[in-house]
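S.K.: My structure is below; once you've seen it, I'll send some questions.
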Amino acid sequence: MAPYETAAARSATLRGALGAASAALALAITQPAWAQDSAPIKIGVIAEAQAVAGSSIPQAAQIAADEINAKGGVDGRKIEIVSYDNHSSSAESVRAFQRAVNEDHVNAVIGSYISEVVLALEPWAGRLKTVFITPGAASDVITQNIAKDYEHNKYTFHGYLTSGALAGLVCDAAKDMLVDGLKMKTAVIMSEDAAWTGPLDAGYEVCLPKIGLKVLDHIRFSPDTTDFTPIFNKIEGQKPDVIITGISHVGTQPTVQWKSQQVPIPMFGISSQATNSTFWKDTNGATEGVIYQGVSGPGVAVTPKTLPFVDAFAKKFGNMPSYAGYTAYDDVYIIVDAIKRAGSLDSDKLVDAMEKTDTVGTIGRIQFLPKGDPHVHGLKTGPGLITGLMLQWQDGKQVNMWPAALANGKLEFPSFVKIASGR
Amino acid sequence: MLFWQILIDGFAISSLYALGATGFTLIFGVTGVLNLSHGAIMVAAAVAAWAASGNFGAGAYVAAIFGIVVALLLALATYYLIVRRLQLSRAVREEEKEIFILTATLLWGIMIQEAIAYLFTNNAKTVLPIVDGVITILGVRTPANEIFTALVCWAAIGGLWLFVNRTLAGKAVLAASMNPRGVALLGIELATVYVGVWAIYGALAGVAGVLLGMFLGVSSYSAGPLTASAFSIVVLGGLGSVSGSLIAAYVVGYLETLTAYLISPAYRAIPALLLLVAVMYVRPRGLLGRR
Amino acid sequence: MLRRALVSPPVLISLIVVLVAATLPLYVSGYVLGLLTIAYYFGVFSMAWDLLFGFANEVNFGPSFLIGLGAYTAGILDSLYQPPIALCVAAGVLAAMIGGLVLALPALRVRGPYFGLTTLVAVLMLQNFVVVAAGLTGGEIGLTIPDVISIDDRVNYWIALGFMAVSGAILYGLTRSPVGLILQASGQDPVQAGALGFNVTKHKLAAFLVSAFFSGLAGALMAFYLGTASVGTFIDVTVGVQVIIGAVLGGRRTILGAVLGAVFLVALGETLRPLGDLATFIVSAAALVVVLFFPAGLLGMVKGAREAT
Chain F
3 MAPYETAAAR SATLRGALGA ASAALALAIT QPAWAQDSAP IKIGVIAEAQ
53 AVAGSSIPQA AQIAADEINA KGGVDGRKIE IVSYDNHSSS AESVRAFQRA
103 VNEDHVNAVI GSYISEVVLA LEPWAGRLKT VFITPGAASD VITQNIAKDY
153 EHNKYTFHGY LTSGALAGLV CDAAKDMLVD GLKMKTAVIM SEDAAWTGPL
203 DAGYEVCLPK IGLKVLDHIR FSPDTTDFTP IFNKIEGQKP DVIITGISHV
253 GTQPTVQWKS QQVPIPMFGI SSQATNSTFW KDTNGATEGV IYQGVSGPGV
303 AVTPKTLPFV DAFAKKFGNM PSYAGYTAYD DVYIIVDAIK RAGSLDSDKL
353 VDAMEKTDTV GTIGRIQFLP KGDPHVHGLK TGPGLITGLM LQWQDGKQVN
403 MWPAALANGK LEFPSFVKIA SGR
Chain C
1206 MLFWQILIDG FAISSLYALG ATGFTLIFGV TGVLNLSHGA IMVAAAVAAW
1256 AASGNFGAGA YVAAIFGIVV ALLLALATYY LIVRRLQLSR AVREEEKEIF
1306 ILTATLLWGI MIQEAIAYLF TNNAKTVLPI VDGVITILGV RTPANEIFTA
1356 LVCWAAIGGL WLFVNRTLAG KAVLAASMNP RGVALLGIEL ATVYVGVWAI
1406 YGALAGVAGV LLGMFLGVSS YSAGPLTASA FSIVVLGGLG SVSGSLIAAY
1456 VVGYLETLTA YLISPAYRAI PALLLLVAVM YVRPRGLLGR R
Chain L
411 MLRRALVSPP VLISLIVVLV AATLPLYVSG YVLGLLTIAY YFGVFSMAWD
461 LLFGFANEVN FGPSFLIGLG AYTAGILDSL YQPPIALCVA AGVLAAMIGG
511 LVLALPALRV RGPYFGLTTL VAVLMLQNFV VVAAGLTGGE IGLTIPDVIS
561 IDDRVNYWIA LGFMAVSGAI LYGLTRSPVG LILQASGQDP VQAGALGFNV
611 TKHKLAAFLV SAFFSGLAGA LMAFYLGTAS VGTFIDVTVG VQVIIGAVLG
661 GRRTILGAVL GAVFLVALGE TLRPLGDLAT FIVSAAALVV VLFFPAGLLG
711 MVKGAREAT
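Chains as they are written, first to last, in the working numbering: chain F, 3 to 425; chain C, 1206 to 1496; chain L, 411 to 719.
Pasting the structure below:
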């Protein structure tokens, strides 16, 4: 026996050894078997890399992955983003999805902001049993399909606001800003003829009268339209107080022509392209005064995570993220959070974990609607969760107007717009 | 009121169509080439003008000139790299040359279109307008830009007419379209005539593209429909006949405007296409076609 | 002469290639099989196009008109009434042949570039119709076809391969037969062919109908393979361009070369996929280079080399 090995010392050493052994055992038991595998966890990202809105999706996902990896990844495993450009085509997206799952073995897919593409991918998420979340599409049919056939379609999650929800949020804002604020009474709905505007317009037609705006007309135009002169002339002929918009595929052209024709009626509602920071340049400033719905705005700290994300994105890529970038960033965190809670990469377990998501993202507090809801796996909206913002382009800047608590400016309109307050 | 609106809007869009179609038919009449990269060249001009003012801060005039120059260069490139190469090629039989040139210009057009989409995204772009504001004509509030568009189109067409009918060089061009061999016999270098015509075509297409960019806006997706619209008009009016194209441009422009106003904006393109089909069946050489 | 054609080198080589291709499902992934299935259908599109161009000397700038008619008719019929797939396909073929007839009538009366333009206009009309009649056709979103021939990658692959082989055999045989020779004569020198007593118009019309038959059939089958039909997959001008490039790349007037060209295009597109939009640019540029510098195409160059030795 060595001089220092007193009985106490020996028991201390023994205790230490036992402690170390039990710690190792505990670690071995609590650390999931899969985590001892050091291969990266792959998340596939299918997006329209050429489109302004779509290009942010893989970029934002990469930022999220980099952040998670910098903190050690998921139990030592790194997140790897595998990205596919679908050229805005459903057929290519389907091929990309098949390739991602079968060849590249991704564990989940983040995909597209175009409803048609997401609807084409939804059955494949079911066939290939892979978790799939969209950061930007708006069609209500996506969640309706999940409600119709939960067992088959449960792998799909709608990570953006459905058209129905969007209509509701626009109406909420319109009530505060247009009816109460500017005493408006009449409106004309102007939207493109596409899958996502069906439920949007239906939502508008129901909620606008409820807040006090009478719908005088409802114009749906082909997304291929380049000449909006006849459309604006028709709307002007009916003398509404406001044009409630539902446009995404088009944006630059109607906005520029609205200004060039000096249509005296303001535009308010959904205009996806107006959310892009490049829109001012794209329209040569014609977007001055246009009010549009968004989930983010420059300098608006919707949540504590919002601005740090924007800074990181701008630093790495030199421009601001599109709306789908915010949600794609959140989606990576949602997936990773679900993986951690599920302790597994098994898709069914991931689905269960994702359904219990309750996390703060960049656009608000994220929770999914539960099984049984007609919009199951859609985002929950409302105060305290996700409300969206209403922003107005002023002098080259996107200024937030609503909700009042997050507003950083006041409504201003170009001189040719006539606000008929209190008519 | 509606009548005046239709009259004025129709006039502006028809003038734009006329300018585009004129260039297209000029190339065919003189060189026998149907340039299927026409729409792409127009879009390139508009996007170049947009980029000049957006990325480099150029003023509206400078940007417009830049756009026109880009179209000119692309037209000349089309001639030297593709058309001339195929026309002089010994690997292709004479009867097949037309078809090969058609295919080659189609591919070239796709290349230009994809390059634009890759560099600038496929988002719609508008060119900084040279003229701003609105003018009220007969009770119709019209953007001054529309009037400007129509005026410039007619100035360009008028300039072309003067060139062809009053200048020696222009007469050589006219002669080359009727009898290339005769022109060569007169000692005029045909190659020079061709280069000249392609340059004029490039300028016309550039002006049309920039004006379109100011008036309605373009995106890389516009290239195909623009080409289709140009040759529809040209076939309607008669391949090779400039006056035929002008008339046909107005017919098509007004048909579209009437449809958009009176029926629905969604069906805008249909009547013109139906007319084209009817002409194909009944009088394939068009209104004033020569063959 | 037919017998000699049957054992000629091109036929023997093709036979071997087909046999080898038939064994691919044993060791190749489902994804690649899917790519090749599409490539084989495009091979038939290109072969049908080559018959018209290479032999009847008629440039069809809108092969997607016939293809689209076949695919959409079959698809719409299925989505409305769900009759047996064979019936839908037959209806698609019939529609394509009627379309071919409608297209041929004005086309054969005009010369030169007018025919090409007519065919392009036909594509535009069909495209507009599909978009406007969205209730029937699914519009720009596309048509969902309830039935598919099979969900097994390998079965679909073999069906496409077999179909392509049989179509290729028929089309190639046609071109080597007396009828094919007359067609070639009508195409290259209609005046002389007419002087020799052959009814040029009748033969060209027949070529149209055969081309329409195969285009429509392949279109309908492909629609039932994909389970969807959309403007972008079947009607768009870019589809037509791909068909034409495939035929020209492979070598016009060879029929068999068209398949080579189609497969090559698909392979090229796939290899360049990581480059994103630049891929389309490069493929178009490559095709342009072939048109400008190697107009005889792949197989044409081989043929030329053999004839020169």
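Cβ atoms here follow ideal geometry from the backbone N, Cα and C, with glycine treated the same way. This structure is a prediction, so every number in the text was calculated from the model and none was measured.
Are the region 118-132 of chain F and the region 88-107 of chain F touching, with three or more C-beta to C-beta distances below 8 angstroms?
M.R.: These segments touch.
S.K.: Could you tell me whether the Cβ atoms of Q275/F and G390/F are closer together than 8 angstroms?
M.R.: Cβ distance not < 8 angstroms, so Q275/F and G390/F don't count as in contact.
S.K.: To the nearest angstrom, how far is it from the Cα of V641/L to the Cα of V651/L?
M.R.: Distance between the alpha carbons of V641/L and V651/L: 14 angstroms.
S.K.: Only counting the same chain, and skipping five residues up and downstream in sequence, which positions put a Cβ closer than 6 angstroms to that of Q259/F?
M.R.: Closer than 6 angstroms at the Cβ level, and outside the excluded window around Q259/F, lie F230.
S.K.: Would you kindly check if the distance between the Cβ of I1475/C and the Cβ of T1464/C is under 8 angstroms?
M.R.: Cβ atoms of T1464/C and I1475/C: closer than 8 angstroms.
S.K.: Roughly how far, in whole angstroms, is the beta-carbon of I246/F from the beta-carbon of L210/F, given that I think they are within contact range, below 8 angstroms?
M.R.: So it is a contact: roughly 7 angstroms between Cβ atoms.
S.K.: Pull up the distance between the alpha-carbon of G1458/C and that of I1218/C, whole angstroms please.
M.R.: Their backbone Cα atoms lie some 6 angstroms apart in a straight line.
S.K.: Pair every Cβ in the region 1410-1430 of chain C with every Cβ in the region 1221-1230 of chain C, then say whether three or more of these pairs are closer than 8 angstroms.
M.R.: Taking 8 angstroms as the limit for Cβ pairs, the verdict is that the region 1221-1230 of chain C does touch the region 1410-1430 of chain C.
S.K.: Using a C-beta cutoff of 8 angstroms, does L1481/C count as contacting chain L?
M.R.: Cβ-Cβ to chain L under 8 angstroms: yes for L1481/C.
S.K.: Looking at the C-beta of S439/L, does it have a partner C-beta in chain F at a distance below 8 angstroms?
M.R.: Closer than 8 angstroms to some Cβ of chain F, the Cβ of S439/L qualifies, so yes.
S.K.: Taking Cβ-Cβ distances shorter than 9 angstroms, what residues in chain C pair up with M507/L?
M.R.: Those within 9 angstroms of M507/L in chain C number zero; the least Cβ separation is about 19 angstroms.
S.K.: Can you grab the Cα-Cα spacing for the pair M457/L / M632/L, in whole Å?
M.R.: So the alpha carbons of these two residues sit roughly 15 angstroms apart.
S.K.: Give me the DSSP bridge partner(s) of A454/F.
M.R.: The displayed coordinates of chain F run from 3 to 425. Any statement about residue 454/F would go beyond what the structure contains.
S.K.: When the Cα atoms are used, what is the spatial distance from F315/F to V401/F?
M.R.: Taking the straight line joining both Cα atoms gives about 20 angstroms.
S.K.: Counting C-beta neighbours from all protein chains within 10 Å, is the total for F1208/C 16 or more, i.e. buried, or is it exposed?
M.R.: F1208/C should be labelled exposed.
S.K.: Can you grab the Cα-Cα spacing for the pair V1267/C / A1408/C, in whole Å?
M.R.: Between V1267/C and A1408/C, the C-alpha separation is close to 15 angstroms.
S.K.: Please confirm whether R1488/C has its beta-carbon closer than 8 angstroms to some beta-carbon of chain F.
M.R.: So, not an interface residue.
S.K.: So which residues of chain L does Q100/F contact, with C-beta pairs closer than 9 angstroms?
M.R.: Result: G440, Y441 and G444.
S.K.: By the DSSP assignment, the beta strand (DSSP E) with W1313/C in it spans what residues?
M.R.: Per DSSP, W1313/C belongs to no beta strand (DSSP E); it is in the alpha helix (DSSP H), E1299 to F1325.
S.K.: Answer yes or no: does any C-beta atom of chain L fall closer than 8 angstroms to that of M1247/C?
M.R.: M1247/C does not count as touching chain L.
S.K.: So who's on the other strand from M269/F, going by DSSP bridges?
M.R.: I245/F.
S.K.: Looking at chain F, is there any beta carbon in it that lies within less than 8 angstroms of the beta carbon of S474/L?
M.R.: No, no contact with chain F.
S.K.: Of all the options L434/L, Y441/L and V469/L, which has the alpha carbon lying nearest to the alpha carbon of A617/L?
M.R.: Among L434/L, Y441/L and V469/L, the Cα nearest to that of A617/L belongs to V469/L.
S.K.: At a cut of 8 angstroms, does the region 589-599 of chain L reach the region 464-482 of chain L through at least three beta carbon pairs?
M.R.: Yes, the region 589-599 of chain L is in contact with the region 464-482 of chain L.
S.K.: Is the Cβ of S262/F closer than 8 angstroms to any Cβ of chain C?
M.R.: Yes - at least one Cβ of chain C is within 8 angstroms of the one on S262/F.
S.K.: Return the first residue and the last residue of the beta strand (DSSP E) that E82/F is part of.
M.R.: Where E82/F is concerned, the enclosing beta strand (DSSP E) stretches over I81 to D87.
S.K.: In whole angstroms, give me the CA-to-CA distance for T1341/C and D488/L.
M.R.: The alpha-carbon atoms of T1341/C and D488/L are separated by roughly 55 angstroms.
S.K.: Below 7 angstroms CB to CB, which residues in the same chain sit around S1220/C once its five sequence neighbours on both sides are set aside?
M.R.: Around S1220/C: T1354, A1355, C1358 and W1359.
S.K.: Determine the chain L residues that contact S91/F at a beta-carbon separation under 7 angstroms, and present them in chain order.
M.R.: By Cβ distance, chain L contributes G642.
S.K.: Inspect the beta-carbon positions of V1412/C and I1273/C and report whether they are closer than 8 angstroms.
M.R.: Yes, these two residues count as a Cβ contact at 8 angstroms.
S.K.: Tell me the DSSP bridge mates of E194/F?
M.R.: DSSP lists F223/F as partners of E194/F.
S.K.: I'd like to know if K1302/C contacts chain F, where contact means its C-beta is closer than 8 angstroms to some C-beta of that chain.
M.R.: Taking Cβ atoms only, chain F never reaches closer than 8 angstroms to K1302/C, which makes this a no.
S.K.: How would you call P5/F, buried or exposed, if buried means at least 16 neighbouring beta carbons within 10 angstroms?
M.R.: No answer about P5/F holds up, because its pLDDT of 41 lies below 50 and its placement is not dependable.
S.K.: Excluding the 5 residues preceding and the 5 following G128/F in the sequence, name in chain order all residues of the same chain whose CB lies nearer than 7 angstroms to its CB.
M.R.: Around G128/F: H154, N155 and Y157.
S.K.: What number of angstroms, rounded off, separates the C-alpha of M574/L from the C-alpha of K1376/C?
M.R.: Looking at the two C-alpha atoms, the distance is approximately 55 angstroms.
S.K.: Would DSSP call Q1292/C helix, strand or coil?
M.R.: Helix, per DSSP.
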